[in-house]
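Asks: Protein sequence lines, in the order shown, are assigned to chains A and B.
Letter 89 of the first sequence, counting from 1, is numbered 89 in my numbering, and no numbers are missing.
Letter 133 of the second sequence, counting from 1, is numbered 1133 in my numbering, and no numbers are missing.
C-beta: ideal position from N, C-alpha, C; glycine also.
Every value quoted in this text rests on a predicted model; they were computed, and no experiment measured them.
Protein chains: 2
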Amino acid sequence: MNSETNPEDAEPFSIIDFEKGDGLIAAIAQDHRSGEILMLAYMNEESLRLTLKRGEVVYWSRSRQKLWHKGEESGNVQKLKGIYVDCDGDALILRVEQVGGAACHTGKQNCFFRRIDGGKIEDVGIQVFDPDEVYKK
Amino acid sequence: MNSETNPEDAEPFSIIDFEKGDGLIAAIAQDHRSGEILMLAYMNEESLRLTLKRGEVVYWSRSRQKLWHKGEESGNVQKLKGIYVDCDGDALILRVEQVGGAACHTGKQNCFFRRIDGGKIEDVGIQVFDPDEVYKK
């Protein structure tokens, strides 16, 4: 299937390759307004279907081995604004509105807050919330 | 290790978790000027070391199961301008200068040129080169 397929016949899942990554594809969450890369996580087919149905992002957590409705605990859900599939169908960009202004469980604005510069690691993150207050222990 | 570690003692590889993804981490290539997301590929430890050493991006190709010096055939290499590691150490952002202005093997500016909109798939890519001319058959 390619871009010349009749749009009405197109089925998004037909261009996505879940097999290559043992049932998972990578999903990059990107702020739909600023273009900031917020986080990277994984999706299986069910999580993508749920995401499309709910309009809020549902990932597959590799560490917990279960569906993960992003923000289910913190309230910081990601409202889906657009989806883009890459050339070989094994990665997505999710354009999202990040509720609460922070995507990371550390309370930072995005998850990529550690910059490697030569042998040094620098924290360049912007702290939005205190995780100890948001995630009740 | 965290941001309070003495920078001189920091060792970038110590905060990267290759085990979680069976030896691989996801790497997002992002244009260092525009912030455009160009592509997503994978790295193993060797490819990351080579990338840091050469200053040009070397991935691990999952489909070909070998090191992949991006642009080795087309000349469209990615010059490394910065690296960011995510909170759980299994994904990177590579800030790059994309030589040739196109990251995708299709000749498009970036790999995420297929937009899913409801049941439709739309090609929103910008064609930079003709792949038949660049990759000799």
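What would DSSP say about residue 1092 (chain B), mapped onto helix, strand or coil?
Replies: strand
Asks: How would you list, in chain order, the residues of chain A whose beta-carbon sits under 7 Å from the beta-carbon of residue 1084 (chain B)?
Replies: 112, 114, 115
Asks: Please tell me whether residue 1088 (chain B) has its Cβ less than 9 Å away from any Cβ of chain A.
Replies: Residue contact with chain A for residue 1088 (chain B): present (Cβ-Cβ distance below 9 Å to some residue of chain A).
Asks: Just to confirm, is the Cβ distance from residue 1054 (chain B) to residue 1032 (chain B) under 9 Å?
Replies: With respect to residue 1032 (chain B), residue 1054 (chain B) sits apart: the two C-beta atoms are not nearer than 9 Å.
Asks: Step through the CB atoms of chain A and report whether any lies within less than 9 Å of the CB of residue 1050 (chain B).
Replies: So no, residue 1050 (chain B) is outside the interface.
Asks: Taking the runs of the alpha helix (DSSP H) that are 4 residues or longer, which of them lie wholly in the stretch 1011–1057 of chain B?
Replies: 1045–1054
Asks: Taking 9 Å as the CB-CB cut-off, is residue 1067 (chain B) touching chain A?
Replies: Answer no: the Cβ-Cβ gap between residue 1067 (chain B) and chain A never drops below 9 Å.
Asks: Judging by CA-CA distance, which residue of B:1012, B:1071, B:1062 is the nearest neighbour of residue 1023 (chain B)?
Replies: B:1062
Asks: Applying the 10 Å Cβ sphere with the 16-neighbour rule, what's the burial state of residue 8 (chain A)?
Replies: In this prediction, residue 8 (chain A) scores a pLDDT of 42, lower than 50, which makes its location untrustworthy; no coordinate-derived value is stated.
Asks: Using a C-beta to C-beta distance shorter than 9 Å, which residues of chain A count as neighbours of residue 1020 (chain B)?
Replies: 62, 63
Asks: Is residue 130 (chain A) helix, strand or coil by DSSP?
Replies: The DSSP-derived three-state label of residue 130 (chain A) is coil.
Asks: Does DSSP put residue 1124 (chain B) in a helix, a strand or coil?
Replies: Here residue 1124 (chain B) sits in coil by DSSP.
Asks: Between A:57, A:111, A:29, A:90, which lies nearest to residue 75 (chain A) when the distance is taken from Cα to Cα?
Replies: Looking at the Cα atoms, A:57 is the closest of the given residues.
Asks: Any beta-carbon of chain A closer than 9 Å to the one on residue 1002 (chain B)?
Replies: With a pLDDT of 46 at residue 1002 (chain B), under the threshold of 50, the predicted position of this residue should be treated as unreliable, though the coordinate-derived value follows. For residue 1002 (chain B), the answer is yes, since a Cβ of chain A falls inside 9 Å of its Cβ.
Asks: Please identify the residue among B:1045, B:1110, B:1080 whose C-alpha is closest to the C-alpha of residue 1089 (chain B).
Replies: Among B:1045, B:1110, B:1080, the Cα nearest to that of residue 1089 (chain B) is on B:1045.
Asks: Any beta carbon from chain B within less than 9 Å of residue 28 (chain A)'s own beta carbon?
Replies: yes
Asks: Considering only residues of the same chain and omitting the five flanking positions on each side of residue 1129 (chain B), which have a CB-CB separation below 6 Å?
Replies: 1102, 1107
Asks: Does any residue of chain A have a CB that is nearer than 9 Å to the CB of residue 1101 (chain B)?
Replies: no
Asks: Tell me whether the beta-carbon of residue 1091 (chain B) lies closer than 9 Å to the beta-carbon of residue 1028 (chain B).
Replies: yes
Asks: What three-state label does DSSP hand residue 1118 (chain B) in the structure shown?
Replies: Note: residue 1118 (chain B) maps to coil in three-state DSSP.
Asks: Does DSSP put residue 8 (chain A) in a helix, a strand or coil?
Replies: With a pLDDT of only 42 at residue 8 (chain A), under the threshold of 50, the placement of this residue in the model should not be trusted; the figure read from the coordinates follows. Correct three-state label for residue 8 (chain A): helix.
Asks: Distance cutoff 9 Å, beta carbons only. Does residue 1039 (chain B) sit that close to anything in chain A?
Replies: yes
Asks: Quick one: Cα of residue 1110 (chain B) to Cα of residue 1125 (chain B), how far?
Replies: C-alpha separation (whole angstroms): 7 Å.
Asks: Between the C-alpha atoms of residue 59 (chain A) and residue 25 (chain A), what's the straight-line distance to the nearest angstrom?
Replies: 10 Å
Asks: Do you know offhand how far residue 1004 (chain B)'s Cα is from residue 39 (chain A)'s?
Replies: Any reading at residue 1004 (chain B) must be qualified, since the residue scores a pLDDT of 48, below 50, and its modelled position is unreliable; the value itself is stated next. Distance between the alpha carbons of residue 1004 (chain B) and residue 39 (chain A): 23 Å.
Asks: At a CB-CB cut-off below 7 Å, which residues of chain A make contact with residue 1035 (chain B)?
Replies: 35
Asks: Quick check on residue 1013 (chain B): buried or exposed, where buried means 16 or more other Cβ atoms within 10 Å of its Cβ?
Replies: Taking all protein chains in view, the Cβ of residue 1013 (chain B) is surrounded by fewer than 16 other Cβ atoms within 10 Å, so the residue is classified as exposed.
Asks: Would residue 47 (chain A) be called buried (16 or more neighbouring beta carbons within 10 Å of its own) or exposed?
Replies: buried
Asks: On the CB-based measure, 16 or more other CB atoms within 10 Å of its CB, does residue 98 (chain A) come out buried or exposed?
Replies: buried
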